[in-house]
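Notes to accompany the following structure.
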Amino acid sequence: MMRGPGLNRQITLAMLAVSLGMTLVVLLGSYVFYALVIEYRPDLLSGPTDMIPTSTEWIWMASVTMVALVFAVWASARLARRILAPLNSVADSVRRVAHGDLAARAVAGDRSLGETALLVDDFNAMAERLQRMEREMVTWNAAIAHELRTPVTILRGRLQGLAEGVFEPDEKQFRGLLHQVEGLSRLIDDLRMLSMFDSGHLKLELADCDLAGAIRDVAHLLAPQMEAAGYQLALDLAEGRICCDGARMRQILLALLDNAGRYADPGVIHIRTRVLGAQYLLQVEDAGPGIDEELEGKLFLAFHRGEHARAGAVGGSGLGLAVVRAIAEAHGGVASYRRGDAGGAMFEIAWPMPIPGPAVS
2 MMRGPGLNRQ ITLAMLAVSL GMTLVVLLGS YVFYALVIEY RPDLLSGPTD
52 MIPTSTEWIW MASVTMVALV FAVWASARLA RRILAPLNSV ADSVRRVAHG
102 DLAARAVAGD RSLGETALLV DDFNAMAERL QRMEREMVTW NAAIAHELRT
152 PVTILRGRLQ GLAEGVFEPD EKQFRGLLHQ VEGLSRLIDD LRMLSMFDSG
202 HLKLELADCD LAGAIRDVAH LLAPQMEAAG YQLALDLAEG RICCDGARMR
252 QILLALLDNA GRYADPGVIH IRTRVLGAQY LLQVEDAGPG IDEELEGKLF
302 LAFHRGEHAR AGAVGGSGLG LAVVRAIAEA HGGVASYRRG DAGGAMFEIA
352 WPMPIPGPAV S
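Below, the structure written as C-alpha cells:
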C-alpha cells in the first residue's frame, strides 16, 4: 500500500512556511510603510537613507528569522508527536483487529487534544463491542449445540431402538418422539425470532386486538394442564381493544406461564392487564419463591438459567424470557421483573399506546 507524505513532515513544513511567511510579511510591510511615509510625510524621516538597513540591522533580521524558524520546527515537531502518538496507536490497533486480535486497544497518551482522545475512546468502545459480540457468539454456538444435543440424542436412541426391535412401536413411543420433535421445533422458532429481532427484521402485525379475550382463550386452553400441576389462573383484565400484535402477545403469555409452571411453587398465578397513562401493561405474578437477586440482571438474556435449571431439574431452553423481551421491545416497550406483594415473581410487559393521527374529515 502506498503511503503519502508523513503527517509529521507536513506539520513541520506548514509551520516553517507560516513562520517564514510571517517574517517576510513583517519585512515587506515595513518597507511599504516607509515608502508611503517618504511619499506623503517625508518630514517624519531624519534623512533619505533611513529606509536602507545597516549591516547590523541585516544581521539582526536574519538572526530573528532563524530563531523563528528553529522555534517553528521545535513547536511543530512537538505538536506532531502529540497528534501522531494516538493516531499511530489507533492505526496499529486497527491493523491488529483486522488480523483477528479483538483484544487490541489504542492508547490516548496526552488527552489534552480532545479530538484525538475522543477518537481513541470511540475506537476502544468499538473494539470492546466487537470482542463482546465474539464472546456472545461463541457462547450462543455452545448453548445451541447443548440444547440441540439432548433431544437429538433421545430421538436417535429411540429410533435406533425401534429399528433394532428393542422398543415396541406403540403409541407411547410415537408420542415421546413427537414430544421431542415439538421441543426442537419450538427451539428453532425461538432462535429464528431472536435472530430476526437482533438483526432488526422482526415484523409485527399491529392491530386493535381484544387482548382480554385472547388471554381468556389461552387461560381456558391451559387451565386443565396448569390445575393438574397445582396452579390456578386468576384473571383481572381490562376490557377494550388494545393496539398490539395479538399472536406475539399470546406468545409472551405462553412463555411466562410456561416459566411459572417450571419454576414457581404451586398456587395462584395472577394475570392482569391495565391501561396506565399512555401505556398498556400485562402482568403475570406467581406465588413464589421469586428469583435470586444475582440472577435478576440476567433474566431476559438468552440461555441464562439458574443452577437448578442447568442441573436438569426442570426443562426449558433458556430462551423463553429472551423471546418475551424481544417481543416487548419490538412493540416499543420493555419487559421487567420485580418481586410481587406476595413474595413471588412478577413479570410486567409495558408498551406505549399509539399516538393518534390527525382527524380526517
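To convert, count from 1 in the sequence shown and add 1; that's our numbering. Glycine included, each C-beta is placed from N, C-alpha and C at the ideal position. Please read all numbers here as calculations on a predicted model, not as lab measurements.
Inter-residue spacing [alpha-carbon to alpha-carbon] between residue i and residue j
i, j, result
"Ala1", "Pro87", "Residue 1 lies beyond the residue range present for the chain, which begins at 2 and ends at 362; the question has no answer from this structure."
"Ala310", "Gly298", "Residue placement at Ala310 cannot be trusted, given a pLDDT of 48 that sits under 50; what the coordinates show is reported in the next sentence. Using only the alpha carbons, I get a separation of about 17 Å."
"Gly334", "Gly177", "38 Å"
"Ala128", "Leu120", "12 Å"
"Ala248", "Gly184", "19 Å"
"Val182", "Gly158", "14 Å"
"Tyr232", "Leu258", "10 Å"
"Ala15", "Ile84", "15 Å"
"Asn260", "Gly321", "7 Å"
"Ala312", "Glu148", "Note that Ala312 scores a pLDDT of 46, beneath 50, so its modelled location is shaky; the value from the coordinates is reported in the next line. Rounded to the nearest angstrom, the two C-alpha atoms are 13 Å apart."
"Gly319", "Trp141", "11 Å"
"Arg251", "Met134", "31 Å"
"Asp190", "Asp102", "34 Å"
"Thr66", "Leu29", "14 Å"
"Gly5", "Ala92", "Any reading at Gly5 must be qualified, since the residue scores a pLDDT of 42, below 50, and its modelled position is unreliable; the value itself is stated next. Between Gly5 and Ala92, the C-alpha separation is close to 15 Å."
"Ala104", "Ala346", "39 Å"
"Arg263", "Gly289", "12 Å"
"Met194", "Arg275", "27 Å"
"Glu240", "Met354", "15 Å"
"Thr117", "Ala109", "7 Å"
"Ala336", "Met197", "18 Å"
"His202", "Ala99", "28 Å"
"Arg42", "Val33", "13 Å"
"Gly344", "Met138", "36 Å"
"Arg242", "Ser90", "58 Å"
Beta-carbon proximity of residue i to residue j, cut-off 9 Å
i, j, result
"Arg217", "Leu238", "yes"
"Tyr338", "Phe301", "yes"
"Ile1", "Arg326", "The structure shown does not extend to residue 1, since the chain spans only 2 to 362, so no value can be given for it."
"Ile270", "Ala323", "no"
"Ser94", "Phe72", "no"
"Leu163", "Pro170", "yes"
"Asp287", "Ala256", "no"
"Gln280", "Phe348", "no"
"Ala213", "Asp246", "no"
"Ile155", "Leu192", "no"
"Leu21", "Leu80", "no"
"Ala215", "Leu277", "no"
"Leu179", "Ala331", "no"
"Val74", "Leu114", "no"
Strand pairing of residue i, partner residues [DSSP]
i, result
"Leu282", "Arg275, Ala351"
"Leu234", "Ile270"
"Ser20", "Answer by DSSP bridge pairing: none, since Ser20 is not bridged."
"Tyr338", "Phe348"
Simplified DSSP assignment, three categories, for residue i
i, result
"Arg242", "coil"
"Leu14", "helix"
"Ala346", "strand"
"Ala208", "strand"
"Val108", "coil"
"Leu1", "Any property of residue 1 remains undetermined from this structure, which presents the chain solely from 2 to 362."
"Pro87", "helix"
"Phe301", "coil"
"Arg326", "helix"
"Leu192", "helix"
"Gly313", "Bear in mind that a pLDDT of 48 at Gly313, under 50, signals an unreliable position, so the model cannot answer this."
"Asp199", "helix"
"His332", "coil"
"Ala265", "coil"
"Leu254", "helix"
"Asp102", "coil"
"Leu320", "coil"
Query raised in the report: In the region 111-173, which residue ranges form an unbroken alpha helix (DSSP H) of at least 4 residues, counting only runs that do not cross its ends?
Result: Listed in chain order, the alpha helix (DSSP H) elements of length 4 or more contained wholly in the region 111-173 are 115-164.
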